[in-house]
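Peer 1:
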Amino acid sequence: MRHDIDRLVAGIAPDPGPAPGPLARELMADITSIPVPAKPARGRKRWLFAGLAAALAVCLGQVPAAAALDIKQVGDHYEITVNDLLADPSVYQAELRARGIDITLSLAPTSPARAGAILVMNDLDRVRGPVEGGVTTIDGPGPCVRFGGCPVGLRVPVGFDRKAEIVLGREGRPGERYTMPPGIGMTGEPLHCVVFSNKTVAEIGPMLRDRGLEPEFTAYGVKGLFTPPQNWYVHDGVVSQAGGALLLVDAKPLATPKPLDASC
Amino acid sequence: MGRKERFEEIYVAEYPDILAYIRRRTDSHEDAADALAETFTIAWRRLDDIPPGRRARLWLFGVARRVLANGRRAESRRGELVERLTLHLAEWAERSPQDTALDEVRQAFRRLGADDREVLALAGWEDLGSEEIAVVLGCSRGAARLRLHRARKRLAKELHAAGLDLAPYGIRALALAKEAL
Numbered sequence: 000m001r002h003d004i005d006r007l008v009a010g011i012a013p014d015p016g017p018a019p020g021p022l023a024r025e026l027m028a029d030i031t032s033i034p035v036p037a038k039p040a041r042g043r044k045r046w047l048f049a050g051l052a053a054a055l056a057v058c059l060g061q062v063p064a065a066a067a068l069d070i071k072q073v074g075d076h077y078e079i080t081v082n083d084l085l086a087d088p089s090v091y092q093a094e095l096r097a098r099g100i101d102i103t104l105s106l107a108p109t110s111p112a113r114a115g116a117i118l119v120m121n122d123l124d125r126v127r128g129p130v131e132g133g134v135t136t137i138d139g140p141g142p143c144v145r146f147g148g149c150p151v152g153l154r155v156p157v158g159f160d161r162k163a164e165i166v167l168g169r170e171g172r173p174g175e176r177y178t179m180p181p182g183i184g185m186t187g188e189p190l191h192c193v194v195f196s197n198k199t200v201a202e203i204g205p206m207l208r209d210r211g212l213e214p215e216f217t218a219y220g221v222k223g224l225f226t227p228p229q230n231w232y233v234h235d236g237v238v239s240q241a242g243g244a245l246l247l248v249d250a251k252p253l254a255t256p257k258p259l260d261a262s263c
Numbered sequence: 000m001g002r003k004e005r006f007e008e009i010y011v012a013e014y015p016d017i018l019a020y021i022r023r024r025t026d027s028h029e030d031a032a033d034a035l036a037e038t039f040t041i042a043w044r045r046l047d048d049i050p051p052g053r054r055a056r057l058w059l060f061g062v063a064r065r066v067l068a069n070g071r072r073a074e075s076r077r078g079e080l081v082e083r084l085t086l087h088l089a090e091w092a093e094r095s096p097q098d099t100a101l102d103e104v105r106q107a108f109r110r111l112g113a114d115d116r117e118v119l120a121l122a123g124w125e126d127l128g129s130e131e132i133a134v135v136l137g138c139s140r141g142a143a144r145l146r147l148h149r150a151r152k153r154l155a156k157e158l159h160a161a162g163l164d165l166a167p168y169g170i171r172a173l174a175l176a177k178e179a180l
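Taken in sequence, the protein lines are chains A and B. Each residue of the first sequence is one higher than the one before, starting from 0 at the first, in numbering that gives the first Met the number 0. Each residue of the second sequence is one higher than the one before, starting from 0 at the first, in numbering that gives the first Met the number 0.
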C-alpha cells in the first residue's frame with residue numbers, strides 16, 4: 000500500500016511539464032537521424048538471470064497447506080508464509096515461538112484486495128535493513144503493481160534473536176475501520192484507473208455511491224471529519240472501511256492532478 | 000520491428016514521464032531541455048540495452064539521473080532545437096500557477112539531503128515501489144527499502160519539528176514521526 004509520507008510527497012510534486020507536441024516530434028526526428036554503429040546486443044545475460052530469479056520466486060511461493068503458518072528451513076533461513084489468514088494471532092505466535100522466533104504477528108483490518116499484504120512495522124531499521132541477519136520479505140511471483148512490493152512471506156535468519164513486529168492485512172469486517180486503509184485508486188480498489196483527484200465534492204459523491212461507497216471528508220489541519228463545501232476539490236482518498244471512503248479535500252485543486260497508476 | 004520504430008515507440012510512451020522526471024529535478028529550463036535531449040540520445044545509441052515493457056521507463060530514469068548528475072551538455076549540433084525547447088518549457092512554466100498548498104511540506108522536503116529527496120521523489124512523484132527504485136538507483140532492493148524508510152522517517156521528523164499536525168496524513172506518518180524522535 001502507498002505510504003502516508005509518500006502521499007504527502009506526491010502532494011508537492013512539481014508540475015510534470017507540457018505534453019509532447021510538435022517540438023517533441025522534432026527532437027525525436029533529430030535524434031533518430033544520428034547514425035548508430037552496429038554492435039552486438041548486450042544485456043541478454045542479465046535477463047536470463049532475471050528469469051532465473053523469477054523462477055526461483057515461483058518455487059518459493061508454493062507451499063503445502065498445513066498449519067496457520069508454513070515455516071520451513073531453507074539453508075540458514077526460515078521461510079514463513081501464512082496459510083490461514085483467519086487464524087487467531089496467538090496461533091501464529093505459538094507456531095513461531097515453537098521455532099524460537101520472537102516475532103509478534105498482528106492482523107490489521109484492510110480491504111479484500113490488500114488482505115495478505117505484509118508490513119514489517121516497528122524496529123524496521125534493525126530488522127529489515129540490508130544488514131546481515133535481518134528479516135526480509137519474500138515477494139510473490141509475477142509483476143507487482145502494489146507499492147512496497149507484493150510480499151507473500153517472510154524470510155527470517157535461523158537464530159534471529161531480535162524482536163520484530165509484523166502486521167498482516169486481513170479483510171475488515173462490516174463496519175470495522177481499516178487500520179491499513181488502501182489508496183482508493185490502487186489496484187483492486189474502487190477507483191483504480193479512474194481519475195478522481197480534482198473532482199469536486201459534489202462530483203465525487205455520486206462516483207463513490209455508484210460503487211457502493213459512502214464518502215467521508217477530512218482536510219489538512221482539520222481534526223477528524225468535517226462537511227466540506229460542495230465546490231472543494233478532492234486531493235486524495237483511501238478506502239476507510241467496507242463501503243466507506245475517506246477523502247482528503249481542499250478549497251483549491253491540485254496543480255498537478257494525481258496521475259493514474261502506471262498499470263492503467 | 001525496426002530500430003527506428005522501436006525507439007519511436009519508447010520515445011512516445013516515455014517522453015512525458017522522462018520530461019517530468021527531469022523538470023522536477025532542475026531549476027533551469029535550459030538544463031532541463033538539455034538533459035531531455037541527452038537522455039533520449041543515449042537511449043537511441045543504446046537501444047539494444049533498453050529492457051522491454053515497463054522496465055524501459057526505469058532504465059530511462061536511471062539514464063536521466065546520471066545525465067543530471069554529470070551535468071552533461073547535449074551536443075552542439077542540437078543547440079538551436081534545445082534553445083527552442085528551453086523557451087517552450089519556460090513559457091509553460093509561466094502559464095502554470097505555482098501551487099502554494101502544502102508549503103510546509105515542501106519546505107520540510109527541501110531541508111532533506113539530496114539522496115533522501117531523490118528516493119522520496121521516486122516513490123511519491125514517479126510512483127515507484129522499492130523494487131523499481133532499486134533498479135533506477137542501481138542498488139539492491141533491500142538497500143532501496145532501507146533508504147526509503149530512512150528518508151520517510153527524516154521527513155516525518157522535519158514535519159513534526161515544523162509543528163505540522165500529522166494526524167490527517169494517517170497512522171503510519173504518525174508512527175514514523177514518533178519513531179524518529
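Beta carbons: idealized from backbone N, C-alpha and C, even for Gly.
Between residue 62(B) and chain A, is there a C-beta pair that is closer than 7 Å?
Peer 2: no
Peer 1: Going by DSSP, name the residue or residues bridged to residue 109(A).
Peer 2: 170(A)
Peer 1: Following the continuous beta strand (DSSP E) through residue 71(A), name the residue where it begins and the one where it ends.
Peer 2: 68-73
Peer 1: Can you list, in chain order, the residues of its chain whose CB lies under 6 Å from that of residue 134(B), leaving out five sequence neighbours each side?
Peer 2: 57
Peer 1: Going straight from the alpha carbon of residue 70(A) to that of residue 178(A), what length do you get?
Peer 2: Distance between the alpha carbons of residue 70(A) and residue 178(A) is about 27 Å.
Peer 1: Would you call the CB atoms of residue 123(B) and residue 9(A) closer than 7 Å?
Peer 2: yes
Peer 1: Taking buried to mean at least 16 other C-beta atoms within 10 Å of its own C-beta, is residue 39(B) buried or exposed?
Peer 2: buried
Peer 1: For residue 79(A), list the residues DSSP reports as bridge partners.
Peer 2: 70(A), 153(A)
Peer 1: Can at least three beta-carbon pairs, one atom from the stretch 26-37 of chain B and one from the stretch 77-88 of chain B, be found at a separation below 8 Å?
Peer 2: yes
Peer 1: Does the stretch 185-197 of chain A come close enough to the stretch 243-256 of chain A that 3 or more CB-CB pairs lie under 8 Å?
Peer 2: yes
Peer 1: Just the C-alpha distance for residue 204(A) and residue 214(A), rounded to the nearest angstrom, thanks.
Peer 2: 6 Å
Peer 1: Can you tell me which of 28(B), 26(B), 45(B) puts its alpha carbon nearest to the alpha carbon of residue 34(A)?
Peer 2: Nearest option by C-alpha distance: 45(B).
Peer 1: Ignoring anything shorter than 4 residues or poking outside the stretch 44-130 of chain B, list the alpha helix (DSSP H) runs there in chain order.
Peer 2: 54-69, 78-94, 102-109, 113-123
Peer 1: Give the residues of chain A in contact with residue 164(B), contact being defined as C-beta atoms less than 7 Å apart.
Peer 2: 220
Peer 1: Alpha carbon to alpha carbon, what distance is there between residue 32(A) and residue 220(A)?
Peer 2: 54 Å
Peer 1: Out of 13(A), 28(A), 22(A), 23(A), state which residue places its alpha-carbon closest to the alpha-carbon of residue 3(B).
Peer 2: If we check each option's Cα against that of residue 3(B), 28(A) comes out closest.
Peer 1: In terms of DSSP beta bridges, what is residue 235(A) paired with?
Peer 2: 247(A)
Peer 1: Going along chain B in order, which residues have a C-beta closer than 8 Å to the C-beta of residue 31(A)?
Peer 2: 3, 6, 7, 43
Peer 1: How far does the alpha helix (DSSP H) with residue 8(B) in it reach, from first residue to last?
Peer 2: For residue 8(B), the enclosing alpha helix (DSSP H) starts and ends at 2-22.
Peer 1: Any idea if residue 257(A) is buried or exposed, counting beta-carbon neighbours within 10 angstroms, 16 or more meaning buried?
Peer 2: The residue is buried, with at least 16 neighbouring Cβ atoms inside 10 Å.
Peer 1: Beta carbon of residue 151(B), beta carbon of residue 4(A): below 7 Å?
Peer 2: Inclusion of residue 151(B) and residue 4(A) in the CB contact set at 7 Å is warranted, their separation being smaller than that value.
Peer 1: Identify the continuous beta strand (DSSP E) that holds residue 217(A) and give its terminal residues.
Peer 2: From DSSP, the beta strand (DSSP E) with residue 217(A) extends over 213-217.
Peer 1: Using a C-beta to C-beta distance shorter than 8 Å, which residues of chain B count as neighbours of residue 135(A)?
Peer 2: 141
Peer 1: Looking at chain B, which residues of the stretch 185-211 of chain A have a Cβ within less than 9 Å of any of its Cβ atoms?
Peer 2: Here the close residues number zero.
Peer 1: Taking the alpha carbon of residue 66(B) as the point to measure from, which residue in 161(B), 82(B), 126(B), 37(B) has its own alpha carbon closest?
Peer 2: 37(B)
Peer 1: Can you pull out the residues from the stretch 93-108 of chain B whose beta carbon lies closer than 7 Å to at least one beta carbon of chain A?
Peer 2: 95, 96, 98, 100, 101, 104, 105, 108
Peer 1: Enumerate in chain order the residues of its own chain whose CB-to-CB distance from residue 75(A) is below 7 Å, with the five nearest sequence positions on each side excluded.
Peer 2: Excluding residues within five positions, the ones whose Cβ falls inside 7 Å are 156, 157.
Peer 1: Between residue 93(A) and the rest of its own chain, which residues show a CB-CB distance below 8 Å, the 5 nearest in sequence each way excluded?
Peer 2: none
Peer 1: I'd like to check one pair, residue 63(B) with residue 21(B): are the Cβ atoms closer than 7 Å?
Peer 2: yes
Peer 1: So residue 14(A) contacts chain B; which residues on that side make the cut at Cβ distance below 7 Å?
Peer 2: Within 7 Å Cβ-Cβ: 95.
Peer 1: Just checking: is the beta-carbon of residue 87(A) within a distance shorter than 7 Å of some beta-carbon in chain B?
Peer 2: No, its Cβ sits nowhere closer than 7 Å to a Cβ of chain B.
Peer 1: Are residue 13(A) and residue 23(B) closer than 7 Å when you measure CB to CB?
Peer 2: yes
Peer 1: Just the C-alpha distance for residue 322(A) and residue 147(B), rounded to the nearest angstrom, thanks.
Peer 2: No information on residue 322(A) is available, as it lies outside the stretch 0 to 263 that chain A covers here.
Peer 1: Can you tell me whether residue 251(A) is buried or exposed? The criterion is at least 16 other CB atoms within 10 Å of its CB, across all chains shown.
Peer 2: exposed
Peer 1: List, in order along the chain, the chain A residues whose C-beta lies closer than 7 Å to that of residue 123(B)?
Peer 2: Neighbours of residue 123(B) in chain A, taken as residues at a C-beta separation under 7 Å, are given in chain order as 5, 8, 9, 12.
Peer 1: Pick out whichever of 217(A), 182(A), 185(A), 238(A) has its Cα sitting closest to the Cα of residue 208(A).
Peer 2: 238(A)
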